[in-house]
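All residue numbers for the sequence shown refer to the UniProt record's numbering, where the first residue is 1 and numbers rise by one.
Even for Gly, the Cβ is constructed at its ideal location relative to N, Cα and C.
Only a predicted model underlies this, so the values are computations on that prediction, with no experimental measurement involved.
Accompanying notes for the structure given below.
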Amino acid sequence: MELNNDEDNAYFSDSARTDSTAGTEASGRKRRRVLVADKTDIWRYFNKLDPPKPKHKKGSCNVEIRTSKDVKICGYVINTNGSTGNFWSHLEANHGILRFEKENTSSNPTQAKVDIMFQKQWSKNPKRKRECDEVLTEFLIDDMQPLYVLKNEGFINLVKTLDPYYTLPSDKYVKKLITKAYNNSKQELIKLFACQYMEYPHTSQNIARTIMNLIFEWGLEKKFICITTDNGSNMVAASRLLPNTFRIPCAAHTLNLVVNKGLIPVEILIAHAKQLINFFMSPK
């Protein structure tokens, strides 16, 4: 089974086979996305391995993962007590291969045609796929969910129930989306906290007018209740001109003023000491 992992989206060859008994078709046939597979044909996607116990099933995934650099076999090993649920969960979560009941397709061929039609629509609608990936990323960020939630069987079943034709993205692609979302949010914060240019003179009226313009621009009239400034006379006067607002002095600036004022007597003593040294060091 061939997998083209370009942009981390899975595309499979409809003519590929994975076991030694399956025939091959012309390699020049057009590729399409394969989203369904016969439920009973699990060994088409896994190589049988010797199980540790009788009646157990063990296999190694032989789906080829093709990137722009190389092609490699998945090789993921699964060991179960006889069921194939974990095998299919791996295929669904990592390779986008869904299972279906073979008898359902034979009894209702019209429904099978409809399913194929929707599959083609998904493969030709990358915008819809991208939108779903972004919503999934927002879910992980807003709810602070770990990446391994994408591997949980319950979450996978939920997604497949909501939309059986949507393929969950890989961890690598989700990390790219999270990084992109972080960079975009960072730029928005930079714009939000950017400095506002104000023409001279920096009078209390001009400062108050500039602050009010920013408040109205961001729609913060009902949320703006206090302001923190230094102890400059123009800033203190500007805060008094803002309606329904009380001022909180900057603690660092206030502490700096206190320290500087406390050092005045020491500075006087230091100045006298310098004068005394200059008196004795100067030639007589």
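Inter-residue Cα distance where the pair is residue i and residue j
i	j	result
H272	P265	11 angstroms
T229	K191	20 angstroms
E138	M144	9 angstroms
F280	I227	54 angstroms
E199	A251	27 angstroms
N213	K261	36 angstroms
A208	L168	52 angstroms
L91	L98	7 angstroms
H95	I73	12 angstroms
G219	I65	50 angstroms
Y165	K175	22 angstroms
M235	P249	10 angstroms
Delimiting residues of the alpha helix (DSSP H) encompassing residue i
i	result
T137	126–142
residue 291	With the chain running from 1 to 284 in the structure shown, residue 291 is simply not present.
K274	264–281
I156	153–162
A237	233–241
Environment of residue i [buried if 16+ CB atoms lie within 10 Å]
i	result
F216	exposed
F87	buried
G85	exposed
S233	exposed
Y45	buried
I211	buried
Residue range of the beta strand (DSSP E) that includes residue i
i	result
G59	57–61
K72	71–73
N79	77–80
N47	46–48
F224	Taken as a continuous stretch (DSSP letters only), F224 belongs to no beta strand (DSSP E), as it is neither H nor E.
P249	246–249
Quiz item: Hey, is the region 46–59 in contact with the region 70–89, meaning 3+ C-beta pairs nearer than 8 angstroms?
Solution: yes
Exercise. Entirely within the region 164–198 and at least 3 residues each: give me those beta strand (DSSP E) ranges in chain order.
Key: none
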